[in-house]
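Here the structure comes first, spelled out in structure tokens, and everything after it is commentary.
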Amino acid sequence: MEKTIIDDLQLHANEEKARILSGFFKTGKGEYGEGDKFIGVTVPLIREVARRHRSSASTKCITALLSSPIHEHRMCALLILTEQFKAARKDDSTRKRIVEYYLDHTAAINNWDLVDLSAPKIIGEWMLTHPMPQTLDAMSQSSNMWVQRIAIVSTMTLIRHNMFADTLRLADRYLTHPHQLMHKATGWMLREIGKKDMDVLTDYLRHNAHLMPRTALRYAIERMPEDQRKSWLAIKRSKPTGRQ
Numbered sequence: 000m001e002k003t004i005i006d007d008l009q010l011h012a013n014e015e016k017a018r019i020l021s022g023f024f025k026t027g028k029g030e031y032g033e034g035d036k037f038i039g040v041t042v043p044l045i046r047e048v049a050r051r052h053r054s055s056a057s058t059k060c061i062t063a064l065l066s067s068p069i070h071e072h073r074m075c076a077l078l079i080l081t082e083q084f085k086a087a088r089k090d091d092s093t094r095k096r097i098v099e100y101y102l103d104h105t106a107a108i109n110n111w112d113l114v115d116l117s118a119p120k121i122i123g124e125w126m127l128t129h130p131m132p133q134t135l136d137a138m139s140q141s142s143n144m145w146v147q148r149i150a151i152v153s154t155m156t157l158i159r160h161n162m163f164a165d166t167l168r169l170a171d172r173y174l175t176h177p178h179q180l181m182h183k184a185t186g187w188m189l190r191e192i193g194k195k196d197m198d199v200l201t202d203y204l205r206h207n208a209h210l211m212p213r214t215a216l217r218y219a220i221e222r223m224p225e226d227q228r229k230s231w232l233a234i235k236r237s238k239p240t241g242r243q
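In numbering that gives the first Met the number 0, the protein residues as written are 0 to 243.
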């Protein structure tokens, strides 16, 4: 089955796009996506393939795709999982199995687009009815940056339902994170909170703006009026000592 899916993806392969994507996703030596390989298939086309095979793709097939060195193969596997999870909205046992499978295969979810396209749709949706703060906390302390990103990006679904506690707690944990990709993810989630409740975002910034990495702060305040953005950016950054 996985060969059929791989063949379908290969029909859309484009060498020039592959070259561009390899640079965009930092696959060079020492970069965050080092060693990842692309065949140049766009996300909309990968979605088409995933939807076409969502009902027939077995766990064995998905595992084979996740084991592939090809980025688009792994993305297709994750999009099939999101489709299967969505289709099982009335089947809690199937959804639980998919969540557990996803968490068992995070080693294959190793770039920011793979995280961002799947984590809110699977982990985030599950958490709406099955809170898992301890799991999120454990993930936030992982040595794997992509697992850390899964933790906070998953909370986007909670944010959209006015549930902010997990996001704010993880944002605190990431105040001292060394990688800019995590600064971007944290600031992005804080900005999403601001879309739902600006008072909550403002309160968080009042306590933490002086501790936040510059990139995280810029992302968090992106939708604010210019005068407010300038005011927050004018705050002198100090060494994090914990939330005040």
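Cβ atoms here follow ideal geometry from the backbone N, Cα and C, with glycine treated the same way.
I'd like the list of long-range same chain contacts for Lys-120, defined as Cβ closer than 6 Å, with 5 residues on each side in sequence excluded. Cβ within range, chain order: Thr-81.
Three-state secondary structure assigned by DSSP to Ile-38: coil
Please tell me whether Gly-186 and Ala-215 are closer than 8 Å, where the distance is taken between their beta carbons. Yes; because the gap between Cβ atoms is below 8 Å, this pair is in contact.
Taking the straight line between their C-alpha atoms, what separation do you get for Thr-105 and Ser-67? 14 Å
Ile-38 and Cys-75 closer than 8 Å at C-beta: no
Ile-69 - DSSP class collapsed to helix/strand/coil: strand
Please go through the same chain and pick out, in chain order, the residues whose beta-carbon is closer than 7 Å to the beta-carbon of His-72, but skip the five residues on each side of it. Ile-5, Leu-8, Leu-64
Need the endpoints of the alpha helix (DSSP H) that Asn-207 sits in, please. 197–207
Lys-194 by DSSP, collapsed to three states: which one? Lys-194: helix per DSSP, three-state reduction.
Is it the case that the Cβ atoms of Arg-213 and Arg-190 are separated by a distance below 8 Å? no
Check each candidate in Arg-53, Arg-18, His-52, Gly-29 and name the one with the smallest Cα separation from Lys-36. Arg-18
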